[in-house]
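Residues in the sequence shown are numbered from 144 upward in steps of one, following my numbering. Backbone N, C-alpha and C define an ideal beta-carbon position, used for all residues, glycine too. This structure is a prediction, so every number in the text was calculated from the model and none was measured. Reviewing the structure listed below.
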Amino acid sequence: MSDFSSKNALPAPPKAAGLGDLVSALSSFYKFAKYFYNKDTKRFIGAARDFIIANADKAPSDAATARLLTHWVNIKFGKFRSRLVSKGLKSALRVRKQFRRNDDQLVALKESYPVWTTTKTRIPNNVLTSLPKREDGRRLCLRFVSKAGSNLPDCPRPHFKPQALSDEAKAVVNQRWNGLLTECKDL
(Lines of atoms letter the chains of each structure in order from A and count residues from 1; the text may use other names and numbers.)
(Lines give C-alpha, C1' and ligand atoms only; values in the text may rest on other atoms or scores of the structure.)
Protein backbone atom coordinates (compact mmCIF):
# COMPACT_ATOMS: atom_id res chain seq x y z
CA MET A 1 0.00 0.00 0.00
CA SER A 2 1.02 3.58 -0.49
CA ASP A 3 1.11 6.27 2.14
CA PHE A 4 -1.02 9.23 1.02
CA SER A 5 -0.76 11.20 4.26
CA SER A 6 0.21 14.85 4.38
CA LYS A 7 3.67 14.06 5.76
CA ASN A 8 4.68 12.76 2.33
CA ALA A 9 5.73 15.34 -0.22
CA LEU A 10 7.43 15.49 -3.55
CA PRO A 11 11.19 16.01 -3.36
CA ALA A 12 12.43 19.50 -4.09
CA PRO A 13 13.32 19.89 -7.76
CA PRO A 14 17.03 20.28 -8.49
CA LYS A 15 18.28 23.81 -9.10
CA ALA A 16 19.37 24.64 -12.61
CA ALA A 17 23.14 24.63 -12.97
CA GLY A 18 23.05 26.40 -16.33
CA LEU A 19 20.97 27.16 -19.38
CA GLY A 20 21.41 23.59 -20.57
CA ASP A 21 19.24 22.43 -17.68
CA LEU A 22 16.50 24.90 -18.64
CA VAL A 23 16.63 23.84 -22.30
CA SER A 24 16.51 20.20 -21.25
CA ALA A 25 13.50 20.78 -18.98
CA LEU A 26 11.60 22.69 -21.67
CA SER A 27 12.44 20.04 -24.28
CA SER A 28 11.13 17.30 -21.99
CA PHE A 29 8.00 19.33 -21.31
CA TYR A 30 7.52 19.81 -25.06
CA LYS A 31 7.79 16.04 -25.65
CA PHE A 32 5.23 15.47 -22.92
CA ALA A 33 2.95 18.10 -24.50
CA LYS A 34 3.08 16.31 -27.86
CA TYR A 35 1.19 13.39 -26.35
CA PHE A 36 -0.95 14.92 -23.62
CA TYR A 37 -1.84 18.52 -24.60
CA ASN A 38 -3.64 20.02 -27.56
CA LYS A 39 -1.62 21.37 -30.48
CA ASP A 40 -2.01 25.02 -29.42
CA THR A 41 -0.64 24.39 -25.94
CA LYS A 42 2.16 22.34 -27.48
CA ARG A 43 3.03 25.29 -29.76
CA PHE A 44 3.10 27.62 -26.75
CA ILE A 45 5.55 25.35 -24.91
CA GLY A 46 7.56 25.03 -28.14
CA ALA A 47 7.76 28.82 -28.41
CA ALA A 48 9.26 29.01 -24.92
CA ARG A 49 11.74 26.24 -25.71
CA ASP A 50 12.73 27.77 -29.07
CA PHE A 51 13.24 31.21 -27.50
CA ILE A 52 15.58 29.85 -24.82
CA ILE A 53 17.51 27.75 -27.36
CA ALA A 54 17.89 30.71 -29.76
CA ASN A 55 19.13 33.03 -27.03
CA ALA A 56 21.27 30.61 -25.02
CA ASP A 57 24.41 31.78 -26.83
CA LYS A 58 23.75 35.43 -26.01
CA ALA A 59 23.23 35.01 -22.26
CA PRO A 60 25.72 34.06 -19.56
CA SER A 61 25.42 30.36 -18.81
CA ASP A 62 25.66 30.43 -15.03
CA ALA A 63 23.18 29.06 -12.52
CA ALA A 64 21.84 32.48 -11.54
CA THR A 65 21.01 33.35 -15.15
CA ALA A 66 19.31 29.99 -15.61
CA ARG A 67 17.18 30.61 -12.51
CA LEU A 68 16.36 34.13 -13.71
CA LEU A 69 15.22 32.87 -17.13
CA THR A 70 13.35 29.98 -15.49
CA HIS A 71 11.50 32.53 -13.37
CA TRP A 72 10.65 34.59 -16.46
CA VAL A 73 9.41 31.55 -18.41
CA ASN A 74 7.37 30.51 -15.37
CA ILE A 75 5.76 33.97 -15.32
CA LYS A 76 4.78 33.51 -18.97
CA PHE A 77 3.34 30.04 -18.28
CA GLY A 78 1.35 31.51 -15.38
CA LYS A 79 0.06 34.26 -17.63
CA PHE A 80 -0.93 31.66 -20.24
CA ARG A 81 -2.84 29.60 -17.64
CA SER A 82 -4.51 32.68 -16.19
CA ARG A 83 -5.70 33.93 -19.58
CA LEU A 84 -6.80 30.44 -20.57
CA VAL A 85 -9.13 30.31 -17.57
CA SER A 86 -10.34 33.91 -17.65
CA LYS A 87 -10.47 34.84 -21.35
CA GLY A 88 -10.14 31.63 -23.32
CA LEU A 89 -7.63 29.92 -25.59
CA LYS A 90 -7.39 32.67 -28.21
CA SER A 91 -6.31 35.25 -25.63
CA ALA A 92 -3.96 32.79 -23.92
CA LEU A 93 -2.16 32.05 -27.18
CA ARG A 94 -1.24 35.73 -27.55
CA VAL A 95 1.18 35.27 -24.63
CA ARG A 96 3.33 33.24 -27.05
CA LYS A 97 4.27 36.50 -28.80
CA GLN A 98 5.89 37.71 -25.56
CA PHE A 99 8.78 35.27 -25.95
CA ARG A 100 11.07 37.94 -27.37
CA ARG A 101 14.25 39.61 -26.22
CA ASN A 102 12.69 43.05 -25.77
CA ASP A 103 9.87 41.84 -23.49
CA ASP A 104 9.38 44.41 -20.70
CA GLN A 105 9.60 41.86 -17.89
CA LEU A 106 12.72 40.24 -19.32
CA VAL A 107 14.41 43.62 -19.79
CA ALA A 108 13.59 44.57 -16.19
CA LEU A 109 15.01 41.27 -14.92
CA LYS A 110 18.16 41.71 -17.01
CA GLU A 111 18.70 45.21 -15.64
CA SER A 112 18.27 44.00 -12.08
CA TYR A 113 20.82 41.23 -12.58
CA PRO A 114 24.41 42.55 -12.55
CA VAL A 115 26.01 39.81 -14.68
CA TRP A 116 24.01 40.89 -17.74
CA THR A 117 24.87 44.56 -17.39
CA THR A 118 28.55 45.08 -16.70
CA THR A 119 30.99 42.42 -15.69
CA LYS A 120 34.55 42.71 -14.51
CA THR A 121 37.05 42.08 -17.22
CA ARG A 122 38.59 38.69 -16.82
CA ILE A 123 42.26 37.91 -17.05
CA PRO A 124 43.01 37.26 -20.73
CA ASN A 125 43.40 33.61 -21.78
CA ASN A 126 46.93 34.11 -23.08
CA VAL A 127 47.97 35.35 -19.62
CA LEU A 128 46.20 32.46 -17.88
CA THR A 129 47.93 29.88 -20.05
CA SER A 130 51.32 31.48 -19.39
CA LEU A 131 50.97 31.24 -15.59
CA PRO A 132 53.18 28.73 -13.78
CA LYS A 133 51.53 25.53 -12.57
CA ARG A 134 51.82 23.62 -9.35
CA GLU A 135 52.32 19.86 -9.24
CA ASP A 136 48.54 19.33 -9.19
CA GLY A 137 48.14 21.24 -12.47
CA ARG A 138 46.48 24.33 -11.00
CA ARG A 139 47.79 27.70 -12.13
CA LEU A 140 49.13 30.45 -9.86
CA CYS A 141 46.84 33.03 -8.22
CA LEU A 142 48.08 36.31 -9.70
CA ARG A 143 46.64 38.35 -6.87
CA PHE A 144 48.83 36.42 -4.40
CA VAL A 145 52.02 37.81 -5.96
CA SER A 146 50.61 41.36 -6.09
CA LYS A 147 50.83 44.18 -3.55
CA ALA A 148 47.12 43.71 -2.81
CA GLY A 149 47.61 40.07 -1.84
CA SER A 150 44.98 37.36 -2.00
CA ASN A 151 42.39 37.74 0.72
CA LEU A 152 40.05 34.98 -0.45
CA PRO A 153 39.75 32.22 2.16
CA ASP A 154 38.75 29.60 -0.44
CA CYS A 155 40.80 30.72 -3.42
CA PRO A 156 40.72 27.99 -6.08
CA ARG A 157 44.18 28.92 -7.34
CA PRO A 158 47.35 27.94 -5.45
CA HIS A 159 49.49 30.47 -3.61
CA PHE A 160 53.22 30.07 -4.17
CA LYS A 161 56.22 32.10 -5.32
CA PRO A 162 56.91 31.08 -8.92
CA GLN A 163 60.35 30.74 -10.52
CA ALA A 164 59.39 33.18 -13.29
CA LEU A 165 56.45 35.24 -14.53
CA SER A 166 55.65 36.29 -18.10
CA ASP A 167 55.67 39.96 -19.09
CA GLU A 168 51.92 39.79 -19.85
CA ALA A 169 51.21 38.47 -16.34
CA LYS A 170 53.34 41.22 -14.80
CA ALA A 171 51.41 43.81 -16.83
CA VAL A 172 48.09 42.45 -15.54
CA VAL A 173 49.35 42.54 -11.94
CA ASN A 174 50.59 46.11 -12.40
CA GLN A 175 47.32 47.23 -13.97
CA ARG A 176 44.93 45.53 -11.54
CA TRP A 177 46.75 45.39 -8.22
CA ASN A 178 49.40 48.15 -8.36
CA GLY A 179 52.40 45.93 -8.97
CA LEU A 180 54.22 42.90 -7.62
CA LEU A 181 55.10 42.16 -4.01
CA THR A 182 58.59 43.26 -3.05
CA GLU A 183 59.53 39.57 -2.59
CA CYS A 184 58.45 38.89 -6.18
CA LYS A 185 60.12 41.85 -7.92
CA ASP A 186 62.94 39.61 -9.16
CA LEU A 187 60.61 37.46 -11.32
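- Sequence-distant partners of phenylalanine 187 (beyond 5 residues in either direction) whose C-beta falls short of 8 Å from its own C-beta, in its chain, are Phe223, Ala235, Leu236, Val238, Arg239.
- Counting only unbroken stretches of 4 or more residues, the alpha helix (DSSP H) elements lying wholly within the region 151–186 are 162–179, in sequence order.
- Its chain contains Leu162, Leu165, Val166, Leu169, Leu212, Val216 as the residues whose beta carbon lies nearer than 8 Å to that of isoleucine 195, once the 5 sequence neighbours on both sides are disregarded; these appear in chain order.
- The Cβ atoms of glycine 322 and serine 273 lie no closer than 8 Å to each other.
- The beta carbons of tyrosine 173 and arginine 192 sit closer together than 8 Å.
- Between the alpha carbons of lysine 233 and lysine 182 lies a gap of roughly 13 Å.
- Inter-residue distance for lysine 185 and asparagine 151 is about 31 Å (C-alpha atoms, whole angstroms).
- Around the beta carbon of arginine 277, fewer than 16 other beta carbons lie within 10 angstroms, which makes this residue exposed.
- C-alpha of arginine 265 to C-alpha of serine 225: approximately 44 Å in a straight line.
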